[in-house]
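Scroll down for the structure; my scribbles are underneath it.
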Amino acid sequence: MSVFDAADFDDYEAVHFVSDADTGLRAIIAMHDSTLGPALGGLRMFDYANPDDAVTDVLRLSRGMTFKNALAGIPYGGGKAVILGNPKTKKNAALMPALGRAIDRLDGAYITAEDVGTTLADMDILRTQTKYARGTSTGVGDPSPYTARGVAHAIRCAVREKHQTTNLSGIRVAIQGLGNVGRHLAEMLNAEGAELVVTDIDPARLEAAADDFGADVVDSDAIYSANVDVFAPCAMGAAINDTTLPQLQAKIVCGAANNQLAMPGHGAALADKGILYVPDFVANAGGVINIGLEGNANKDEIMQRVDAIASTVTEILTRSRTTGQLPTEVAESLARERIAAAAMAA
Ligand SMILES: NC(=O)c1ccc[n+]([C@@H]2O[C@H](COP(=O)([O-])OP(=O)(O)OC[C@H]3O[C@@H](n4cnc5c(N)ncnc54)[C@H](O)[C@@H]3O)[C@@H](O)[C@H]2O)c1
28 MSVFDAADFD DYEAVHFVSD ADTGLRAIIA MHDSTLGPAL GGLRMFDYAN
78 PDDAVTDVLR LSRGMTFKNA LAGIPYGGGK AVILGNPKTK KNAALMPALG
128 RAIDRLDGAY ITAEDVGTTL ADMDILRTQT KYARGTSTGV GDPSPYTARG
178 VAHAIRCAVR EKHQTTNLSG IRVAIQGLGN VGRHLAEMLN AEGAELVVTD
228 IDPARLEAAA DDFGADVVDS DAIYSANVDV FAPCAMGAAI NDTTLPQLQA
278 KIVCGAANNQ LAMPGHGAAL ADKGILYVPD FVANAGGVIN IGLEGNANKD
328 EIMQRVDAIA STVTEILTRS RTTGQLPTEV AESLARERIA AAAMAA
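Numbering-wise, the sequence shown is residues 28 to 373 according to my numbering.
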């Protein structure tokens, strides 16, 4: 497939294909738009079924980062990198340094951070080769608590839109995935009196959530039809698809996972079912705010910026209600307005 012909191609500034025979590294770095600043977005390592899937993923993810960073109010454009391969079996001592050198060759046009399949330790290794790796153990570290905080704000805003209250006591939330973000989110929602239904493919994580938060545990496939007010996807993308959509009982979808809608049309399908969808790239921006402000803001300032996700979500949901546009359309328009304003001012 030519990258220019990919269904998800949207005038990307650059797409770099990286390969290194010595280490087996195969990676793609996509830079979507740098109007607001260097392209910032995490590094994903995933065992893609084929290279086309990796291209599609990196294109969609980097474009999403353009909107996410614009709406988060940080001076960065959108970028993303993916390594093709199973992170559990294909990482070797030389793989990350090779990618670090490739990122360094871009001379700051792309800045990376942790994502699915990569860790803080990986960022530390990248940092030995390039200063354009964030979220290292000597930097701001794990972004997930900030991401979870932003998602909790977004859930409160959506609950207010549907139920005219931000009080989560008694609100039932289904969390799909109790990893770095999902676990923190569960902790926060439980502290506010929400009732949790959880699923994960890791039984130990489920047991811990049941013990610590009194969460109801369900099988992976049963999470969609759980009798809840909010469905919070916090595992992989495409949680909302043709199979899962008809099963949903929740009237709000709001979580941390990137690319929750398998196809753009699923946004309209959710709205048709009366389900309010908070765009993932708005709700889950806490982590990138933390990463983006690394070295330029203290913890209180970073928290304030993460807390501003609440006003952005409120603005999007209000505009959506008054114009009849889908929340995702409103969010993308708002991001484009901010990017256009920056371009005019430059
Ligand atoms: N970490 C961040 O700060 C951050 C920021 C923005 C977006 N995100 C997105 O949020 C999502 C979660 O990120 P994370 O850092 O918590 O990842 P993670 O890998 O720590 O956690 C993912 C969890 O989902 C579980 N899981 C995987 N497949 C599943 C399935 N089919 N059903 C149920 N559970 C399943 C895993 O066992 C794991 O516990 C990802 O999509 C990520 O891209 C994360």
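Glycine included, every Cβ here is placed at the ideal spot set by N, Cα and C. Since we're looking at a predicted model, the values are computed, not measured.
For Leu-297, the nearest candidate out of Gly-197, Leu-275, Ile-316 (CA to CA): Of Gly-197, Leu-275, Ile-316, the residue nearest in Cα terms is Leu-275.
beta-carbon Cys-281 near ligand 1 non-hydrogen atom, thresh 7 Å: With a cutoff of 7 Å, Cys-281 does not count as near ligand 1, since its C-beta is closer than that to no heavy atom of the ligand.
Beta-carbon proximity of Val-244 to Ala-253, cut-off 8 Å: Not closer than 8 Å, so no.
Distance cut-off 7 Å: Leu-216 Cβ against heavy atoms of ligand 1: No, the Cβ of Leu-216 stays beyond 7 Å of every heavy atom of ligand 1.
Endpoints, beta strand (DSSP E) assigned at Val-109: Unbroken beta strand (DSSP E) run through Val-109: 104-111.
Collapsed DSSP secondary structure at Phe-258 in the structure displayed: Reduced to three states, the DSSP call for Phe-258 is strand.
Asp-142: CB within 7 Å of a non-hydrogen atom of ligand 1: Yes, ligand 1 has a heavy atom inside 7 Å of this Cβ.
Close-in-space but distant-in-sequence residues of the same chain around Pro-156 (CB under 6 Å, 5 per side omitted): Note that residue 156 is Gln in the sequence shown here, rather than Pro. If we look at Gln-156 and ignore the five residues flanking it on each side, its Cβ neighbours are Pro-124, Gly-127, Arg-128, Asp-131.
Bridge-paired residues (DSSP) for Thr-46: Note that residue 46 is Ser in the sequence shown here, rather than Thr. In DSSP, Ser-46 forms a bridge with Arg-53.
Cβ distance (whole Å) where Ala-185 is taken to contact Leu-344 below 8 Å: Confirmed, Cβ separation roughly 7 Å.
Test item: CB-CB of Asn-285 and Gly-91 under 8 Å: Cβ atoms of Asn-285 and Gly-91: closer than 8 Å.
Proximal residues to Gln-287 (C-beta, below 6 Å), its chain only, five neighbours per side dropped: Sequence-distant partners of Gln-287 (beyond 5 residues in either direction) whose C-beta falls short of 6 Å from its own C-beta, in its chain, are Pro-260, Ala-266, Ile-267, Asp-307.
Own chain partners of Asn-207 with C-beta closer than 6 Å, once the 5 adjacent residues on each side are dropped: Counting only residues of its own chain and dropping the five nearest sequence neighbours on each side, Asn-207 has a CB closer than 6 Å to the CB of Ser-171.
Assigned exposure category for Arg-348 - 16 Cβ within 10 Å defines buried: Note on Arg-348: under 16 other CB atoms within 10 angstroms of its CB, so exposed under the neighbour-count rule.
Entirely enclosed alpha helix (DSSP H) segments - the stretch 191-234, minimum 4 residues: As far as the stretch 191-234 is concerned, its whole alpha helix (DSSP H) runs of at least 4 residues are 207-218.
Own chain partners of Phe-31 with C-beta closer than 8 Å, once the 5 adjacent residues on each side are dropped: Excluding sequence positions up to five before and after Phe-31, its CB lies less than 8 Å from no other CB in the same chain.
CB contact below 8 Å: Met-72 versus chain E: Judged by its chain identifiers, the structure shown contains no chain E, having just a single protein chain.
Start-to-end residues for the beta strand (DSSP E) that takes in Phe-73: It spans 70-73 - the beta strand (DSSP E) in which Phe-73 sits, taken as one unbroken run.
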